[in-house]
Ligand SMILES: Nc1ncnc2c1ncn2[C@@H]1O[C@H](COP(=O)(O)OP(=O)(O)OP(=O)(O)O)[C@@H](O)[C@H]1O
Ligand SMILES: [Mg+2]
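What follows is the structure in structure tokens.
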């Protein structure tokens, strides 16, 4: 889970993550991108990526991911494996708040229920979700989902709620950085490891639009062959 206010650098980080994952395509079965607000992550158009920008599409995709997770668990049970040995399916959602504000209650509920299940059990089956949001209060992201997203990245924010729920209390933050989170420069974040709870201060490299485009072209030249 990644949170931070507008302009803090979340989408730049999201694109960096995607490019890094593409570089490791041999471990990836498929990457799914969801963005109901913008078109930035629709640019990839690779054989191992898909883009969804509407609520019905999101619901269908998450249903499919849940089925994939369950079928992987079945295979693991048959083989006696604790971890799925095949490739990763990773779903990246930019600005998850746009799902929460949608008027279709039933569809929203179905979507969040599937997300919660994927958050709870996805790791062992290598079906992962990564969520990006300006705010992580209950109007933007279901609380049950939030507690099931283990690792977190906190970018610049003046919301105490964001800070407390992503990393922890003021004293813990002060052990990591002397700068207030609301004064973080672009790209600065605190990362909390979901399993060890280790917290570290990081600076995300800036990737210009031109560089991103060149890298997408490069990936097209070998992934789409
Ligand atoms: N790591 C970085 N270093 C320097 N500048 C950055 C970095 N990341 C982003 N920027 C600059 O800040 C601008 C906003 O970044 P970005 O779109 O990633 O913010 P965001 O957190 O996704 O905002 P929003 O919530 O509005 O989508 C970018 O256009 C870029 O110019
Ligand atoms: Mg953004």
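In the working numbering, the protein residues as written are 1156 to 1380. Even glycine gets a Cβ: it sits at the ideal position worked out from N, Cα and C.
Check	Outcome
Sub-8 Å separation of residue 1251 and residue 1287 beta-carbons	yes
Other residues of its chain near residue 1293: CB distance less than 7 Å, five sequence neighbours each side excluded	none
Proximity test, residue 1368 beta-carbon vs ligand 1 heavy atom, cut-off 7 Å	no
Residue 1243 (DSSP reduced to helix, strand or coil)	strand
Residue 1194 - containing alpha helix (DSSP H), residue span	Here residue 1194 belongs to no alpha helix (DSSP H), and DSSP marks it neither H nor E.
Endpoints, the beta strand (DSSP E) within which residue 1302 is located	From DSSP, residue 1302 is part of no beta strand (DSSP E) but of the alpha helix (DSSP H) over 1298-1303.
Extent of the continuous alpha helix (DSSP H) run through residue 1369	1364-1378
Environment of residue 1304 [buried if 16+ CB atoms lie within 10 Å]	buried
Opening and closing residue of the alpha helix (DSSP H) in which residue 1329 lies	1325-1331
Own chain partners of residue 1164 with C-beta closer than 7 Å, once the 5 adjacent residues on each side are dropped	1310, 1341, 1342 and 1359
Start-to-end residues for the alpha helix (DSSP H) that takes in residue 1316	1315-1321
Alpha helix (DSSP H) runs contained entirely in the region 1175-1260, provided each spans 4 or more residues	1210-1234 and 1252-1255
Run of the beta strand (DSSP E) containing residue 1344, from where it starts to where it stops	1343-1347
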